[in-house]
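*Asks:* Starting off with a structure, shown below.
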Amino acid sequence: MKLLQVNHVKKVYNTRLGARQCVALEDIGFSVDQGEFVAIMGASGSGKTTLLNILASLDKPTSGDVCLENRSFSAIPDRELSAFRRDNLGFVFQDFNLLDTFTLRDNILLPLVLQKTAVHEMEKRIEPLARSLGLTELLDKFPYEVSGGEKQRAAVARAVITNPLLLLADEPTGALDSRSSAALLGIFEDLNAQGQTILMVTHSSMAASYASRVLFIKDGRLFSQLFRGQMGRREFFDRIVSNLSVLSDGGVDIG
Amino acid sequence: MGKAFYLRLALSNLRRNRRMVMPYFFATAVLSGMFFIIYNLIDSQSIANVIYGPTLQGMLGFGISVMIFFTVIYMLYINSFLTSRRKTEFGLYGVLGLEKRHVARIIFWENLILSGGGLLLGLAAGAVFGKLVFLILMRAMGSFAPGSTVSPTLPALLSTAGVFLVIFLLTCLYNIFKVRVASPIDLLHGEAKGEKKPRFTVPITILGVLTLGGGYALSLLSAIPTIALLSFWPAVLLVIIGTLCLFTAGSVFILNRLRKNKKFYYQPRNFVAVSGLLHRMKQNAAGLANICILSTMVIITMSGCCSLFFGQESILRSQNPYDISLGLALSDRDARSAAVDDVLDAAQSLAAEYGAELTDVARLTWYQTYFWPGSGEELSGGIVPVGQYNEMTGSQYLLAPDELLFIGGSESSVQHFRDQLEGSFSIQTADGKPLPLHDGVLDKGSVLILTADEDALSNALAVMYDEPGGDLTRLIDECLYFDVDLSQEDGLDFGNRMFERFNKITSDAAAGGEYSVRTSSIFIDRASSLGTYGGLLVLGVFFTILFLTNTVIIIYFKQVSEGMEDRERFTIMQKVGMSDAEVRSTINRQVLIVFFLPLVGALLHTAAAVNIMVRLLELFWLYDIGITLTCMGVISLCFAVVYIAVYRFTAKTYYKIVKW
Chain A
1 MKLLQVNHVK KVYNTRLGAR QCVALEDIGF SVDQGEFVAI MGASGSGKTT
51 LLNILASLDK PTSGDVCLEN RSFSAIPDRE LSAFRRDNLG FVFQDFNLLD
101 TFTLRDNILL PLVLQKTAVH EMEKRIEPLA RSLGLTELLD KFPYEVSGGE
151 KQRAAVARAV ITNPLLLLAD EPTGALDSRS SAALLGIFED LNAQGQTILM
201 VTHSSMAASY ASRVLFIKDG RLFSQLFRGQ MGRREFFDRI VSNLSVLSDG
251 GVDIG
Chain B
1001 MGKAFYLRLA LSNLRRNRRM VMPYFFATAV LSGMFFIIYN LIDSQSIANV
1051 IYGPTLQGML GFGISVMIFF TVIYMLYINS FLTSRRKTEF GLYGVLGLEK
1101 RHVARIIFWE NLILSGGGLL LGLAAGAVFG KLVFLILMRA MGSFAPGSTV
1151 SPTLPALLST AGVFLVIFLL TCLYNIFKVR VASPIDLLHG EAKGEKKPRF
1201 TVPITILGVL TLGGGYALSL LSAIPTIALL SFWPAVLLVI IGTLCLFTAG
1251 SVFILNRLRK NKKFYYQPRN FVAVSGLLHR MKQNAAGLAN ICILSTMVII
1301 TMSGCCSLFF GQESILRSQN PYDISLGLAL SDRDARSAAV DDVLDAAQSL
1351 AAEYGAELTD VARLTWYQTY FWPGSGEELS GGIVPVGQYN EMTGSQYLLA
1401 PDELLFIGGS ESSVQHFRDQ LEGSFSIQTA DGKPLPLHDG VLDKGSVLIL
1451 TADEDALSNA LAVMYDEPGG DLTRLIDECL YFDVDLSQED GLDFGNRMFE
1501 RFNKITSDAA AGGEYSVRTS SIFIDRASSL GTYGGLLVLG VFFTILFLTN
1551 TVIIIYFKQV SEGMEDRERF TIMQKVGMSD AEVRSTINRQ VLIVFFLPLV
1601 GALLHTAAAV NIMVRLLELF WLYDIGITLT CMGVISLCFA VVYIAVYRFT
1651 AKTYYKIVKW
């Protein structure tokens, strides 16, 4: 079943005086099935983050359309957008984006509070989640009192506590050391195994190798994609790396 | 690397940090301008020539030393605020390879440009506005002499420059010290340090409630002026401590309580607001408490000065129930009466020279006394021969030489004189009419004691002074009270000439013997009170400028720091799924609460201070409570308006930073 459908998305930025146009994305089209774990890779400036922002409904495409469960983003009125985002999408960011005024518990509960969930329901949901992410002991600490890996786990908890249709992650391992990265990606794998659809933007091959499919973007266009299929993670990693070298060779096919 | 390198670096730093350094620059300019003006006024020959000008200059001289004290502290405070925000920048210099002495050199240049520029601007503004201030002052003192002027003097310039040189050196030392003690890594992370966890919130909150309550109680329970005077400074101290405690710990305590209440806390509105406020209070409580205290100081100082200035007529009337009062005490009763007759004639003929008449003339031979025992309550009484009393009031009391009749008076006054006189006299009390004199000749609560005649009065004094059998006529005053309808200028002249004649007549009457006189003229007092209270008002205005400059700058810095933090918070909240409008309204509300808490606190303090202010001003003979209340009300209102204007003005900076 198709969960997310991206059709011919194009994004053009105007420079300040409108004299020059800068094409960030050109004719992007792909779809994500329910339960998939998709990684999007590309070099800096390739348009990954622009794409993610559009998928997150934080930004609007110049032309083309994005549909989640057959509901087109462009059909959602502006004032309902944030509620739509809150109910259907979960976010994990490179720099965590936890509010330093809240304890980890309150950071995680924030989306539920905004949804006006009853207090006992919130407590019912946070408890198993915190346990599975190893956060139980840390819930009453403030973000500046815990490590980066712990912050990112709290951010993941915040993203999935609403049971979103789609979990969007923007370079989630970018600010983490390798052990915390591996732990976080393990968590993503577990979540995916439980049926959570995940879309992750990254430029780390290691991170991408946890996904079931990898899309490569270059200069705003979809360049190629790799399916993991029955491959082991090691083997998939090697394939990703060789594909990346093709990508950086300026499109000359050597494989 | 020549000197120019550091200078250039310093200049570009200042340009880049202008949002932060401009307030410091302006504070320097405003305060140095003010100091320059005050020093010029102190030096001004024109003011020294005005009657009671020297009083004013003395007051300014005292005031300025207090102001120097406050100014140095405030400038250091503002400077430390600036420095703490620039730690990262200083750290970066270290990383880039500049040695600490190089950084010190940059700091020196920056500070020199900032302080020097501010000082020059201030001196220029002071020279320009000094004349204006001088004119206002002359008007306030009601004695503008044509041709009098004030011009900037060199000593004033040097004194002003001296004050700011000291501030310059202290801030340089502070900043260089800050850079010296820290390693680059520390400096780089200076801004990212987490907030301190407030400790002992519960005991500090309790302490705050107790001290604030104590301060309020001292104000509200001050029933009489002397007690008000004794409890004023303790009350101020208690309120300051209470304010600091309650802003820092009390707010955290209340918000933590709210956070524990899950049903309340986990509502979209309260959730963000409570935690946001908690964070803000932890960061800003001390600054906000300072704003609150400074605001209260401004309101109280200005209310006091205005009450005295606008209450002058009321004060003068309390001190001078009649325009002119004259009294003579002499052991020879006949010579005394004859002299007072002459004085009355002289007064009438003198008044005629000015085309005026004496009105409400009253003549009374009596003994008057008042004093303050340990309890602080005034005890007072007047002893009058019954004949005069009967004549003045139309009563028909008859007393034997060993009888006394007490009329009116407070319980303690009556008790006091009864204790003194009971053994030698038989005392009766009556509900007789008061003497038909203007209010204030006899103090409130005074007991009027009637004796058979002047001999009996003398005997009563002999008992009181423990000189049995002595003749104490020398203590009895024969007084003359009257009003005369003259302008202030003529009145002043009339008063002086009247006193001259009075002194001549009385010294002739005494013929070399022992005698005592008392004289008072509302015209002379009025001239001096304009000097005193006009000066006080000017001083109050200068203090207000000082406090207000500081309040504005603290508010400005708070806005800037709030803005920088809120910018991040704002984007995160949007990403997490709050709508633009929601975020804007909750942040707006928090900022409003944070900035208006000090104003509310200051107004509350002012309300609590009403009683002690009224009592204190009674010490200055200001018994017209209406004037005090009006002044406090109007000043509070004006202050609130100014505060809101300042808030709105500085809020622009905030919105510019947050940019939504």
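The listed protein sequences derive, respectively, from chains A and B. With this note's numbering applied, the first sequence corresponds to residues 1 to 255, in that order. With this note's numbering applied, the second sequence corresponds to residues 1001 to 1660, in that order. All residues carry an ideal CB built from backbone N, CA and C; glycine is no exception. Nothing here was measured: the structure is a model prediction, and the numbers come from that model.
Between A:F73 and chain B, is any beta-carbon pair separated by less than 8 Å?
*Replies:* In the first sequence, residue 73 of chain A corresponds to position 73, counting from 1. It does not; no Cβ of chain B falls within 8 Å.
*Asks:* Less than 8 Å between the C-beta atoms of B:D1443 and B:D1323, yes or no?
*Replies:* The count along the second sequence starts at 1 and reaches residue 1443 of chain B at position 443. The count along the second sequence starts at 1 and reaches residue 1323 of chain B at position 323. No, the pair does not count as a contact, with Cβ atoms beyond the cut-off.
*Asks:* Counting pairs of beta carbons, one from the segment 75-86 of chain A and one from the segment 178-197 of chain A, are three or more of them closer than 8 Å?
*Replies:* No, the segment 75-86 of chain A is not in contact with the segment 178-197 of chain A.
*Asks:* Could you tell me the alpha carbon to alpha carbon distance between A:S205 and B:I1254, rounded to whole angstroms?
*Replies:* Here residue 205 of chain A corresponds to residue number 205 of the first sequence, with the count starting at 1. Here residue 1254 of chain B corresponds to residue number 254 of the second sequence, with the count starting at 1. Distance between the alpha carbons of A:S205 and B:I1254 is about 50 Å.
*Asks:* Less than 6 Å between C-beta atoms, sequence neighbours within five positions excluded: which residues of the same chain meet that for B:L1123?
*Replies:* Locating residue 1123 of chain B in the second sequence gives position 123, counting from the first residue. Excluding positions up to five away in sequence, the list reads F1036.
*Asks:* Is the beta carbon of A:V201 closer than 8 Å to that of A:D170?
*Replies:* In the first sequence, the residue the question calls residue 170 of chain A occupies position 170. In the first sequence, the residue the question calls residue 201 of chain A occupies position 201. In contact: A:D170 and A:V201 (Cβ atoms closer than 8 Å).
*Asks:* From the DSSP output, in three-state form, read off A:P77 for me.
*Replies:* Numbered from its first residue, the first sequence carries residue 77 of chain A at position 77. If DSSP states are grouped into helix, strand and coil, A:P77 belongs with coil.
*Asks:* Taking its Cβ as the centre, do 16 or more other Cβ atoms sit within 10 Å of A:G255, making it buried, or is it exposed?
*Replies:* In the first sequence, counting from the first residue as 1, residue 255 of chain A sits at position 255. Bear in mind that the predicted position of A:G255 carries a pLDDT of just 36, short of 50, making it too unreliable to give a figure here.
*Asks:* DSSP on B:A1400, reduced to helix/strand/coil?
*Replies:* Position 400 of the second sequence, counted from the first residue, corresponds to residue 1400 of chain B. Coil at B:A1400, not helix or strand.
*Asks:* To the nearest angstrom, how far is the alpha carbon of B:E1110 from that of A:A83?
*Replies:* In the second sequence, counting from the first residue as 1, residue 1110 of chain B sits at position 110. In the first sequence, counting from the first residue as 1, residue 83 of chain A sits at position 83. Cα to Cα, the separation comes out at about 50 Å.
*Asks:* Going by DSSP in three states, A:H8 sits in which element: helix, strand or coil?
*Replies:* Position 8 of the first sequence, counted from the first residue, corresponds to residue 8 of chain A. Reduced to three states, the DSSP call for A:H8 is strand.
*Asks:* With DSSP collapsed to three states, give me the class of B:Q1319.
*Replies:* In the second sequence, counting from the first residue as 1, residue 1319 of chain B sits at position 319. In the structure shown, B:Q1319 sits in a helix (DSSP, three-state: H, G or I).
*Asks:* Cα-Cα, which of B:K1263, B:M1297, B:Y1265 is closest to B:T1243?
*Replies:* As a first step, residue 1243 of chain B is located in the second sequence; it is residue number 243 there, counting from the start. Comparing Cα-Cα distances from B:T1243 to each of B:K1263, B:M1297, B:Y1265, the minimum goes to B:M1297.
*Asks:* Which runs of the alpha helix (DSSP H) at least 4 residues long sit entirely within the segment 1215-1282 of chain B? Give them in chain order.
*Replies:* List check, alpha helix (DSSP H) in window: 1225-1245, 1251-1260, 1262-1265.
*Asks:* Examine chain A for any beta-carbon lying closer than 8 Å to the beta-carbon of B:F1271, and answer yes or no.
*Replies:* Working through the second sequence from its first residue, we reach residue 1271 of chain B at position 271. So yes, B:F1271 belongs to the interface.
*Asks:* Any beta carbon of chain B sitting closer than 8 Å to that of A:R239?
*Replies:* As a position in the first sequence, residue 239 of chain A is number 239, starting the count at 1. No - not a single Cβ of chain B is within 8 Å of the one on A:R239.
*Asks:* Taking only runs that begin and end inside the segment 1080-1164 of chain B, name each unbroken beta strand (DSSP E) of 3 or more residues, in chain order.
*Replies:* Whole beta strand (DSSP E) segments, 3+ residues: zero.
*Asks:* If contact means a Cβ-Cβ distance below 9 Å, which residues of the segment 1001-1024 of chain B contact chain A?
*Replies:* Cβ contacts with chain A come from no residue of the segment 1001-1024 of chain B.
*Asks:* A:V12 to A:F102, Cα distance in whole Å?
*Replies:* As a first step, residue 12 of chain A is located in the first sequence; it is residue number 12 there, counting from the start. As a first step, residue 102 of chain A is located in the first sequence; it is residue number 102 there, counting from the start. Each residue's Cα considered, the two are about 37 Å apart.
*Asks:* Taking only the alpha-carbon atoms, compute the straight-line gap between B:S1516 and B:A1460 and give it to the nearest angstrom.
*Replies:* The residue you call residue 1516 of chain B lines up with position 516 of the second sequence. The residue you call residue 1460 of chain B lines up with position 460 of the second sequence. Cα to Cα, B:S1516 sits roughly 20 Å from B:A1460.
*Asks:* If I follow the unbroken alpha helix (DSSP H) through A:R20, where does it start and stop?
*Replies:* Mapped onto the first sequence, residue 20 of chain A falls at position 20. Neither: A:R20 is in no alpha helix (DSSP H) and is coded neither H nor E.
*Asks:* Is B:F1247 near the ligand FAD, judged by its Cβ being under 7 Å from some heavy atom?
*Replies:* Ligands in the displayed structure: none, and consequently the ligand FAD is not present.
*Asks:* Under 8 Å between the Cβ atoms of B:E1618 and B:P1225?
*Replies:* Within the second sequence, residue 1618 of chain B is the residue found at index 618, counting from 1. Within the second sequence, residue 1225 of chain B is the residue found at index 225, counting from 1. A contact, by the Cβ cut-off of 8 Å.
*Asks:* What separation, rounded to the nearest whole angstrom, lies between the Cα atoms of B:L1137 and B:T1205?
*Replies:* If you number the second sequence from 1, residue 1137 of chain B lands on position 137. If you number the second sequence from 1, residue 1205 of chain B lands on position 205. Each residue's alpha carbon lies about 46 Å from the other.
*Asks:* Closest Cβ-Cβ distance between B:S1222 and chain A: below 8 Å?
*Replies:* Stepping through the second sequence from its first residue, residue 1222 of chain B is reached at position 222. Chain A, which has no Cβ nearer than 8 Å to the Cβ of B:S1222, makes this no.
*Asks:* Taking C-beta to C-beta, are B:G1495 and B:S1529 nearer than 8 Å?
*Replies:* For the purposes of this step, residue 1495 of chain B is taken as the residue at position 495 of the second sequence. For the purposes of this step, residue 1529 of chain B is taken as the residue at position 529 of the second sequence. Cβ atoms of B:G1495 and B:S1529: not closer than 8 Å.
*Asks:* Using a Cβ cut-off of 9 Å, which residues of the segment 1553-1579 of chain B contact any Cβ in chain A, in chain order?
*Replies:* The segment 1553-1579 of chain B vs chain A, Cβ under 9 Å: E1565, E1568, R1569, T1571, I1572, M1573, Q1574, K1575, V1576, G1577, M1578, S1579.
*Asks:* Could you tell me whether any Cβ in chain A is nearer than 8 Å to the Cβ of B:H1605?
*Replies:* The sequence position of residue 1605 of chain B within the second sequence is 605, counting from 1. Closer than 8 Å: no.
*Asks:* Using the beta-carbon count (16 or more within 10 Å), is A:K285 buried or exposed?
*Replies:* This structure leaves residue 285 of chain A out entirely; chain A is present only between 1 and 255.
*Asks:* From which residue to which residue does the beta strand (DSSP E) around A:K218 run?
*Replies:* Here residue 218 of chain A refers to the residue found at position 218 when the first sequence is read from its first residue. Segment 213-218, the beta strand (DSSP E) holding A:K218.
*Asks:* Relative to the C-alpha of A:Q115, which candidate in A:L133, A:L139, A:E127, A:N88 has its C-alpha closest?
*Replies:* The residue labelled residue 115 of chain A in the question sits at position 115 within the first sequence. Per the Cα distances, A:N88.
*Asks:* Does any residue of chain A bring its CB to less than 8 Å from the CB of B:G1190?
*Replies:* Position 190 of the second sequence, counting from 1, holds the residue named residue 1190 of chain B. Caution applies to B:G1190, whose pLDDT of 49 falls short of 50 and renders its modelled position unreliable; the value that the coordinates give is listed next. So no, B:G1190 is outside the interface.
*Asks:* Using CA coordinates, which residue listed in B:F1523, B:D1466, B:Y1623 is at the minimum distance from B:Q1488?
*Replies:* By one-based count along the second sequence, residue 1488 of chain B stands at place 488. The option with the nearest alpha carbon to B:Q1488 is B:F1523.
*Asks:* Give me the DSSP bridge partner(s) of B:P1385.
*Replies:* Taking the second sequence and counting its residues from 1, the one referred to as residue 1385 of chain B is at position 385. B:T1451, per the DSSP bridge assignment.
*Asks:* Ignoring anything shorter than 4 residues or poking outside the segment 186-247 of chain A, list the alpha helix (DSSP H) runs there in chain order.
*Replies:* Counting only runs of 4 or more, we get 205-208.
*Asks:* Exposed or buried, which one is A:K60 when buried takes at least 16 other CB atoms within 10 Å?
*Replies:* For the purposes of this step, residue 60 of chain A is taken as the residue at position 60 of the first sequence. With fewer than 16 other Cβ atoms within 10 Å, it is exposed.
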